[in-house]
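Structure record follows, encoded as structure tokens.
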Amino acid sequence: MSSALSLFQPCLPICTIHDLKNNNSHAFRTPYNTNRCPGLQFNTKLSRKDLLNTVGLTFLGGAIVQQPARAEVESTNDVTSNRMSYSRFLQYLDAGAVKKVDLFENGTVAIAEIMIPELNKSQRVKIQLPGLPQELLKKLKEKDVDFAAHPREMNVLSVFLDLLGNLAFPLLLIGSLLLRTPTNSPGGGPNLPFGLGRSRAKFEMEPNTGVTFDDVAGVEEAKQDLQEIVEFLKIPEKFAAVGAKIPKGVLLIGPPGTGKTLLAKAIAGEAGVPFFSLSGSEFVEMFVGVGASRVRDLFNKAKMNSPCLVFIDEIDAVGRQRGTGIGGGNDEREQTLNQLLTEIDGFSGDSGVIVIAATNRPEILDPALLRPGRFDRQVTVGLPDVRGREDILKVHSNNKRLDKDVSLTVIAMRTPGFSGADLANLMNEAAILAGRRGKDRITSKEVDDSIDRIVAGLEGTKMADGKSKILVAYHEIGHAVCSTLTTGHDPVQKVTLIPRGRAHGLTWFVPNEDLTLLSKQQLFARIVGGLGGRAAEEVIFGESEITTGAADDLQQITRIARQMVTMYGMSEIGPWALTEEQSSDVVLRMLSRNSMSEKLAKDIDTTIRSIVESAYQIARNHIRCNREAIDKLVQVLLDKETLTGDEFRAILTEFSDISSHRAYRSLPREMNKV
91 MSSALSLFQP CLPICTIHDL KNNNSHAFRT PYNTNRCPGL QFNTKLSRKD LLNTVGLTFL
151 GGAIVQQPAR AEVESTNDVT SNRMSYSRFL QYLDAGAVKK VDLFENGTVA IAEIMIPELN
211 KSQRVKIQLP GLPQELLKKL KEKDVDFAAH PREMNVLSVF LDLLGNLAFP LLLIGSLLLR
271 TPTNSPGGGP NLPFGLGRSR AKFEMEPNTG VTFDDVAGVE EAKQDLQEIV EFLKIPEKFA
331 AVGAKIPKGV LLIGPPGTGK TLLAKAIAGE AGVPFFSLSG SEFVEMFVGV GASRVRDLFN
391 KAKMNSPCLV FIDEIDAVGR QRGTGIGGGN DEREQTLNQL LTEIDGFSGD SGVIVIAATN
451 RPEILDPALL RPGRFDRQVT VGLPDVRGRE DILKVHSNNK RLDKDVSLTV IAMRTPGFSG
511 ADLANLMNEA AILAGRRGKD RITSKEVDDS IDRIVAGLEG TKMADGKSKI LVAYHEIGHA
571 VCSTLTTGHD PVQKVTLIPR GRAHGLTWFV PNEDLTLLSK QQLFARIVGG LGGRAAEEVI
631 FGESEITTGA ADDLQQITRI ARQMVTMYGM SEIGPWALTE EQSSDVVLRM LSRNSMSEKL
691 AKDIDTTIRS IVESAYQIAR NHIRCNREAI DKLVQVLLDK ETLTGDEFRA ILTEFSDISS
751 HRAYRSLPRE MNKV
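In this text, residue positions in the sequence shown follow this note's numbering: the first is 91, and each later residue adds one.
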């Protein structure tokens with residue numbers, strides 16, 4: 091019953107469109123009073139052109155209209171039209187007032203001719219049916235009602251527009267593929283759809299990184315190797331005179347944050363040649379062949395701008411060893427690696443392109459990638475030593491206002507194991523703290539708090555006075571006393587009851603020098619110091635009062651003891667080394683564990699237990715023999731909440747001769763039994 095014009099005249103529930111074949115004008119009727127829709131005129135004469143324009147606007151508005159079957163027949167003057175609810179229709183049907191029913195829209199709409207007793211005349215009404223229930227058909231048959239179903243008539247134009255709408259997106263996609271603009275680069279890689287084969291490398295004809303070798307500190311050996319590359323690019327005849335060839339590739343290896351990417355920026359800033367930079371993950375896509383196309387495109391561009399530098403960060407994303415993993419590896423990644431191997435050192439010979447790559451996982455790279463001719467040099471960028479850390483701190487404190495009490499040498503000594511990125515973050519955190527506290531300069535207090543925050547976490551809420559605080563104080567003093575009285579341990583830097591992270595209290599140690607090698611005595615001393623907290627809880631409060639505060643301590647000392655036995659050969663088992671602790675591959679660790687004999691596994695567990703028990707016995711003896719000093723230290727710690735290393739040693743010296751303990755050079759008797 092609805093027509094296209096009902097979209098523009100929502101006030102007209104039912105409109106009758108006369109046949110278009112024999113009339114040039116069309117009348118629209120409604121039984122409703124025109125006052126219900128002010129401003130709209132009915133019984134209006136429309137020309138054929140106006141009607142077609144109206145229907146066309148409906149199509150352009152996004153409505154695909156299907157012309158239904160004629161819902162009404164010509165009615166006489168005594169017949170009107172209206173809507174009726176389904177429940178009221180059933181009441182008239184039960185009363186026998188329904189004379190005729192026409193079903194439309196697959197049985198969802200009905201036009202019924204009903205005799206209205208109140209009006210004493212028949213009326214045609216429209217009913218919205220809930221589908222076509224069988225009970226309704228049964229009632230219509232019982233009441234001997236004349237009913238008929240009218241199929242939907244499809245308009246050819248509407249069918250065509252519907253089909254065109256369904257095919258619009260596929261046609262657009264195919265057209266974009268056919269009309270894409272090809273490139274002239276050889277190999278066909280960049281001609282993939284939507285530029286999938288084009289390299290995403292960032293290109294700088296005249297690099298302006300803002301970084302030079304003066305901005306890189308703490309890695310002097312790596313700088314020396316890379317400065318030769320820069321000199322080779324600037325003065326190639328100097329090396330060509332003696333028959334030297336420029337290296338094809340340099341691989342930077344080192345832990346995260348040591349300055350590998352910074353060194354690459356410094357090379358680009360110093361050399362002044364075209365520079366390409368990208369990450370190894372930008373080669374790999376889900377489509378096979380895209381990565382190889384990007385490699386070809388990258389090196390084609392690089393050769394056109396040679397001599398130039400290509401920096402690939404995190405090359406392990408694409409250079410992982412081939413044929414590993416479940417299923418033999420990833421086909422797309424291996425094709426990308428094969429193309430990379432060919433481009434760096436293939437049949438084309440010298441291309442004037444130097445590849446600089448960086449990774450912190452050299453053990454997983456393919457051997458063909460590491461051979462001379464591809465990466466001729468492997469430069470290790472390790473963690474800085476004390477002097478290197480001091481130089482890095484000078485670089486990162488140039489733009490910061492430091493107080494006179496801040497000593498970069500002391501900060502360098504307090505930060506063993508910090509990388510260049512950690513030291514940069516340390517100085518930035520100290521500056522943030524100084525600004526938060528309203529200071530115009532960074533003092534040693536801000537630096538000290540920043541170190542604690544980076545290593546241990548954010549400062550927590552101070553503990554209230556009570557049994558828990560006393561127990562934590564004895565626990566931390568136990569660590570400090572056992573460490574100080576054990577030969578080979580690092581000196582105490584401070585003891586604090588201020589919570590940080592998950593720890594309720596902390597004992598800090600600072601080494602006198604950077605320890606590149608650890609002795610058996612030093613490792614055993616760390617186990618004794620780590621067990622000092624648990625020993626203090628047991629000796630002072632009793633075995634039933636020991637707490638969960640030693641959980642992290644037990645994990646650390648167990649790991650050290652296991653490494654002594656299985657990695658360093660520092661036990662009665664002998665100089666054995668097992669793959670399970672050295673390999674980063676989970677499968678290899680499982681295989682090595684399964685290949686171990688039951689007797690060897692039992693001996694390892696027994697030896698580890700013997701080391702820990704010997705160290706625990708020494709820790710308990712230290713606590714028993716220095717009970718008076720421990721009580722005094724705990725009392726001072728509870729009052730001040732933080733003891734410096736000098737304050738701690740001054741109080742301990744009053745009760746015990748520290749120098750005699752630290753001067754004892756031989757291993758403990760219990761350690762020699764292991």
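Glycine included, every Cβ here is placed at the ideal spot set by N, Cα and C.
Beta-bridge pairing of N172 - partner residues as DSSP gives them: Numbered from 1 along the sequence shown, position 82 holds the residue referred to as residue 172. The partner list for N172 (beta bridge, DSSP) reads V215.
L727: CB within 8 angstroms of a non-hydrogen atom of the ligand FMN: In the structure on display, the ligand FMN does not appear, and there are no ligands present to speak of.
Selection from I698, P223, N518 and S383 that minimises the alpha carbon distance to Y176: As a first step, residue 176 must be located in the sequence shown, where it is residue number 86. Closest by alpha carbon: P223.
Own chain residues within Cβ distance below 8 angstroms of T697, not counting five before or after: As a first step, residue 697 is located in the sequence shown; it is residue number 607 there, counting from the start. Cβ-Cβ distances below 8 angstroms link T697 to V655, S661, E662, I663 and V764 in the same chain, with the five nearest sequence neighbours on each side left out; the list follows chain order.
Sufficient close CB pairs (3 or more, under 8 angstroms) joining the segment 448-458 to the segment 388-406: Yes, they touch.
Three or more C-beta pairs below 8 angstroms linking the segment 469-480 and the segment 498-507: The answer is yes - the segment 498-507 touches the segment 469-480, with three or more Cβ pairs under 8 angstroms.
Terminal residues of the alpha helix (DSSP H) in which L708 lies: Looking up residue 708 in the sequence shown gives position 618. Checking the displayed sequence, the identity of residue 708 turns out to be Ile instead of Leu. Annotation: the continuous alpha helix (DSSP H) that includes I708 extends over E688 to C715.
Assigned exposure category for T574 - 16 Cβ within 10 Å defines buried: Within the sequence shown, residue 574 is the residue found at index 484, counting from 1. Flag for T574 reads buried.
Residue span of the alpha helix (DSSP H) that contains Q583, given as start and end: The residue labelled residue 583 in the question sits at position 493 within the sequence shown. No alpha helix (DSSP H) holds Q583; the beta strand (DSSP E) holding it covers V582 to T586.
For R461: DSSP bridge partner residues: What you label residue 461 is simply residue 371 of the sequence shown in a count that begins at 1. Answer is none; R461 lacks a bridge partner.
Of the listed residues I617, G344, V600 and H565, nearest to R717 (C-alpha basis): For the purposes of this step, residue 717 is identified with residue 627 of the sequence shown, where counting begins at 1. Measuring from the Cα of R717, the nearest candidate turns out to be H565.
DSSP three-state assignment for Q99, whether helix, strand or coil: Looking up residue 99 in the sequence shown gives position 9. Any reading at Q99 is ruled out, since the residue's pLDDT is 37, under 50, leaving its predicted position unreliable.
Beta-carbon proximity list for M174, same chain, < 6 angstroms, skipping 5 on both sides: Taking the sequence shown and counting its residues from 1, the one referred to as residue 174 is at position 84. Same-chain partners within the cutoff: V215 and I217.
Residues bridged to R410 [DSSP beta-bridge criterion]: On the sequence shown, residue 410 is found 320 positions in, with the first residue counted as 1. DSSP, once it has assigned bridges, lists L455 as partnering R410.
Start-to-end residues for the beta strand (DSSP E) that takes in M205: As a working mapping, residue 205 is identified with position 115 in the sequence shown. Here the beta strand (DSSP E) through M205 covers V199 to I206.
Where D236 falls: helix, strand or coil (DSSP): As a first step, residue 236 is located in the sequence shown; it is residue number 146 there, counting from the start. If DSSP states are grouped into helix, strand and coil, D236 belongs with the strands.
As assigned by DSSP and simplified to three states, the class of L261: Within the sequence shown, residue 261 is the residue found at index 171, counting from 1. In this structure, L261 counts as helix in the three-state DSSP scheme.
First through last residue of the alpha helix (DSSP H) which encompasses K324: Here residue 324 refers to the residue found at position 234 when the sequence shown is read from its first residue. Where K324 is concerned, the enclosing alpha helix (DSSP H) stretches over E310 to K324.
Under the three-state DSSP convention, the category V246 falls into: The residue labelled residue 246 in the question sits at position 156 within the sequence shown. Taken through DSSP and simplified to helix, strand or coil, V246 comes out as helix.
Distance, D747 Cα to Y807 Cα: As shown, the chain starts at 91 and ends at 764. That puts residue 807 outside it, with no answer to give.
Closest residue to E372 among G265, R384 and T470 (Cα-Cα distance): Working through the sequence shown from its first residue, we reach residue 372 at position 282. In terms of Cα proximity to E372, the closest of G265, R384 and T470 is R384.
Reference L226; option with closest CA among Q181, G370 and L253: Here the question's residue 226 lines up with position 136 in the sequence shown. Checking every option, the nearest Cα to that of L226 belongs to Q181.
Any chain D beta carbon closer than 9 angstroms to V655: Although the question refers to chain D, the structure presented lacks it and comprises just one protein chain.
Cα-Cα separation between L757 and P601, rounded to whole angstroms: Position 667 of the sequence shown, counting from 1, holds the residue named residue 757. Position 511 of the sequence shown, counting from 1, holds the residue named residue 601. Low confidence applies to L757: its pLDDT is 37, below 50, so where it sits in the model is not reliable enough to give any reading.
Residue span of the beta strand (DSSP E) that contains L209, given as start and end: The sequence position of residue 209 within the sequence shown is 119, counting from 1. Taken as a continuous stretch (DSSP letters only), L209 belongs to no beta strand (DSSP E), as it is neither H nor E.
Alpha carbon of E294 to alpha carbon of V306, nearest angstrom: Counting from 1 along the sequence shown, the entry for residue 294 is found at position 204. Counting from 1 along the sequence shown, the entry for residue 306 is found at position 216. CA-CA distance, E294 to V306, rounds to 21 angstroms.
Three-state class that DSSP yields for F768 in the structure shown: The structure shown has nothing for residue 768, since the chain only spans 91 to 764.
Spatial neighbours of A361 in its chain, beta-carbon cut-off 6 angstroms, leaving aside the 5 residues before and after: Indexing the sequence shown from 1 puts residue 361 at position 271. Within the same chain, A361 has close Cβ partners V320 and L323.
Sequence-distant residues of its chain with Cβ nearer than 7 angstroms to P128 (five each side left out): Your numbering for residue 128 matches position 38 in the sequence shown. Residue confidence for P128 is low, a pLDDT of 39 falling below 50, so the modelled location carries little weight; the figure read from the coordinates is stated next. Sequence-distant partners of P128 (beyond 5 residues in either direction) whose C-beta falls short of 7 angstroms from its own C-beta are missing from its chain.
Span of the beta strand (DSSP E), counted from its first residue to its last, around V443: Position 353 of the sequence shown, counting from 1, holds the residue named residue 443. Here the beta strand (DSSP E) through V443 covers V443 to T449.
V618 and I708 closer than 9 angstroms at C-beta: Walking along the sequence shown from the start, residue 618 turns up at place 528. Walking along the sequence shown from the start, residue 708 turns up at place 618. Taking 9 angstroms as the Cβ cut-off, V618 and I708 qualify as a contacting pair.
Cutoff 7 angstroms; reference T637; Cβ partners in own chain excluding five residues on either side: Counting from one through the sequence shown, the residue named residue 637 turns up at place 547. Contacts found: L561 and E627.
Whether L399 touches P346 by CB criterion (9 angstroms): In the sequence shown, counting from the first residue as 1, residue 399 sits at position 309. In the sequence shown, counting from the first residue as 1, residue 346 sits at position 256. Using a Cβ distance threshold of 9 angstroms, L399 and P346 do not count as a contacting pair.
Contact set for I720: own chain, Cβ-Cβ below 8 angstroms, skip 5 residues either direction: As a working mapping, residue 720 is identified with position 630 in the sequence shown. In chain order, Y564, I567, G568, V571, A626, I630 and I713 place their CB closer than 8 angstroms to the CB of I720, counting only its own chain and leaving out the 5 sequence neighbours on each side.
Cutoff 7 angstroms; reference T426; Cβ partners in own chain excluding five residues on either side: Here residue 426 refers to the residue found at position 336 of the sequence shown. Beyond the five residues adjoining it in sequence on each side, T426 comes within less than 7 angstroms, by CB distance, of F373, V374, G381, A382, V385 and V408 in the same chain, given in chain order.
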